[in-house]
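Numbering (the UniProt record's numbering), first residue to last: 1 to 207.
Where is the CB? At the ideal position from N, CA and C, for every residue including glycine.
First comes the structure, then the notes that go with it.
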């Protein structure tokens with residue numbers, strides 16, 4: 001199995017290189033590298049953890065072998081070959097939009113992609129979303145537009161008995177705020193539903 005890494009600043013390195021599994025823990029990497037896993041299709045932008053094909057060739061210089069261009073034999077797309085922009089986490093696939101729109105339009109966009117606005121029902125998923133959204137505003141599938149103060153997840157998940165992560169003092173319905181988004185430090189905030197945010201779609205793994 002290969003693991004993929006990139007620089008903390010998200011810029012690609014000039015070329016990939018190999019690191020044998022046995023020596024990975026002992027190697028001191030530059031501070032610019034971080035253990036930020038990439039989706040498999042982003043092959044070629046960082047460190048590859050594994051053993052290159054030339055490693056066990058008789059008479060092969062292993063130092064040169066480590067810096068030789070690796071060969072990707074069978075790329076794997078957990079969310080399907082036609083969903084390369086989707087990210088896998090804990091059995092589901094997530095799409096983080098690059099454009100802003102209202103909560104209603106975001107909901108429709110997700111539905112057009114056979115998905116729904118994301119449901120955050122665990123601390124693990126909250127951490128995943130928080131890391132990925134990086135203090136930007138992203139819509140999630142939470143609203144109280146039906147009954148003020150009665151928050152509901154759009155998939156029917158019981159809001160009252162599941163995980164929540166509201167910003168202190170929220171939700172406060174300041175100005176008819178009926179839709180929720182993640183924001184600073186990934187904390188949830190209510191805002192009016194016509195506000196334009198990025199959005200997160202969620203769907204199960206393809207069969």
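Quick check on DSSP: helix, strand or coil for residue i?
{"i": "residue 143", "result": "strand"}
{"i": "residue 201", "result": "strand"}
{"i": "residue 96", "result": "strand"}
{"i": "residue 208", "result": "With the chain covering only 1 through 207, there is no way to say anything about residue 208."}
{"i": "residue 77", "result": "coil"}
{"i": "residue 216", "result": "Outside the modelled stretch of the chain, which goes from 1 to 207, sits residue 216, for which no answer is possible."}
{"i": "residue 138", "result": "strand"}
Judging by CA-CA distance, which residue of the options is the nearest neighbour of residue i?
{"i": "residue 175", "options": "126, 104 and 189", "result": "189"}
{"i": "residue 100", "options": "203, 90, 199 and 207", "result": "199"}
{"i": "residue 160", "options": "130, 91, 94 and 121", "result": "121"}
{"i": "residue 111", "options": "94, 167 and 125", "result": "94"}
{"i": "residue 180", "options": "207, 150 and 204", "result": "150"}
{"i": "residue 134", "options": "116, 186, 79 and 178", "result": "186"}
{"i": "residue 98", "options": "205, 206 and 196", "result": "196"}
{"i": "residue 102", "options": "205, 131, 126 and 191", "result": "191"}
{"i": "residue 114", "options": "90, 82 and 136", "result": "82"}
{"i": "residue 167", "options": "184, 116, 173 and 79", "result": "184"}
{"i": "residue 156", "options": "109, 116, 77 and 201", "result": "116"}
{"i": "residue 162", "options": "126, 77 and 80", "result": "126"}
{"i": "residue 131", "options": "104, 96 and 108", "result": "96"}
{"i": "residue 193", "options": "104, 171, 77 and 80", "result": "104"}
Taking its Cβ as the centre, do 16 or more other Cβ atoms sit within 10 Å of residue i, making it buried, or is it exposed?
{"i": "residue 23", "result": "Unreliable placement is indicated for residue 23, whose pLDDT of 37 sits below 50; the coordinate value is still reported in the next sentence. The residue is exposed, with fewer than 16 neighbouring Cβ atoms inside 10 Å."}
{"i": "residue 138", "result": "buried"}
{"i": "residue 106", "result": "buried"}
{"i": "residue 158", "result": "exposed"}
{"i": "residue 70", "result": "Annotation note: pLDDT 46 at residue 70 (below 50); position unreliable, coordinate value reported separately. Looking at its Cβ environment, which holds 16 or more other Cβ atoms inside 10 Å, residue 70 is buried."}
{"i": "residue 118", "result": "buried"}
{"i": "residue 129", "result": "buried"}
{"i": "residue 204", "result": "exposed"}
{"i": "residue 87", "result": "buried"}
{"i": "residue 148", "result": "exposed"}
Quick check: residue i and residue j, are their CB atoms within less than 8 Å of each other?
{"i": "residue 140", "j": "residue 182", "result": "yes"}
{"i": "residue 152", "j": "residue 143", "result": "yes"}
{"i": "residue 90", "j": "residue 124", "result": "yes"}
{"i": "residue 178", "j": "residue 202", "result": "no"}
Tell me, which residues are paired with residue i by DSSP?
{"i": "residue 101", "result": "197"}
{"i": "residue 172", "result": "Per DSSP, none; premise fails for residue 172."}
{"i": "residue 190", "result": "180"}
{"i": "residue 116", "result": "202"}
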